[in-house]
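Numbering (our numbering), first residue to last: 431 to 563.
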């Protein structure tokens, strides 16, 4: 019999997220179609095999915001586990710098996941629900 920590099972989903401050404002996205939630989070998403963490971060930020970024160092790690649903995700947060693009009104997330994206001043964050909290 294998020790419990070696028993095969579902692996946590690995995700990357960008901490992007531009002009003193933090970029956040709302990824709840149809205004299902007022929760805001850093742009990013699941890591795809065959690409580096930096490449995944660049792709995810562009998909969710239309912006191009240069990934910087790892700055935070967050874990979310919901035993009731079996969802388990480990998120790696990287500092990022804006290198191209702007938040154009005509933009739309090609996957239809992100419904809003914007830069927040520090004073605006007080009333926001954020993930991770």
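C-beta atoms are modelled at their ideal positions from N, C-alpha and C, and glycine is treated no differently.
Owing to the predicted nature of the structure, the values given are computational and were not obtained by experimental measurement.
Simplified DSSP state of residue i, which is helix, strand or coil
i: residue 507; result: strand
i: residue 536; result: coil
i: residue 498; result: strand
i: residue 448; result: strand
Beta-bridge partners of residue i, as assigned by DSSP
i: residue 546; result: 460
i: residue 559; result: 469
i: residue 551; result: DSSP, once it has assigned bridges, lists no residue as partnering residue 551.
Span separating the alpha-carbon of residue i from that of residue j
i: residue 481; j: residue 501; result: 14 Å
i: residue 548; j: residue 514; result: 32 Å
i: residue 494; j: residue 452; result: 17 Å
i: residue 584; j: residue 477; result: Residue coverage of the chain in this structure runs from 431 to 563, which leaves residue 584 outside it and unanswerable.
i: residue 472; j: residue 449; result: 6 Å
i: residue 510; j: residue 562; result: 9 Å
i: residue 524; j: residue 457; result: 13 Å
i: residue 440; j: residue 556; result: 36 Å
i: residue 551; j: residue 558; result: 11 Å
i: residue 489; j: residue 447; result: 11 Å
i: residue 442; j: residue 536; result: 35 Å
For residue i, the first and last residue of its enclosing beta strand (DSSP E)
i: residue 484; result: First-last for residue 484: 483–495, but that is the alpha helix (DSSP H), not the beta strand (DSSP E).
i: residue 478; result: First-last for residue 478: undefined, no H or E at that position.
i: residue 529; result: 517–530
Pair within 9 Å by beta-carbon distance, residue i and residue j
i: residue 522; j: residue 506; result: yes
i: residue 560; j: residue 469; result: yes
i: residue 491; j: residue 445; result: no
i: residue 531; j: residue 497; result: yes
i: residue 553; j: residue 460; result: no
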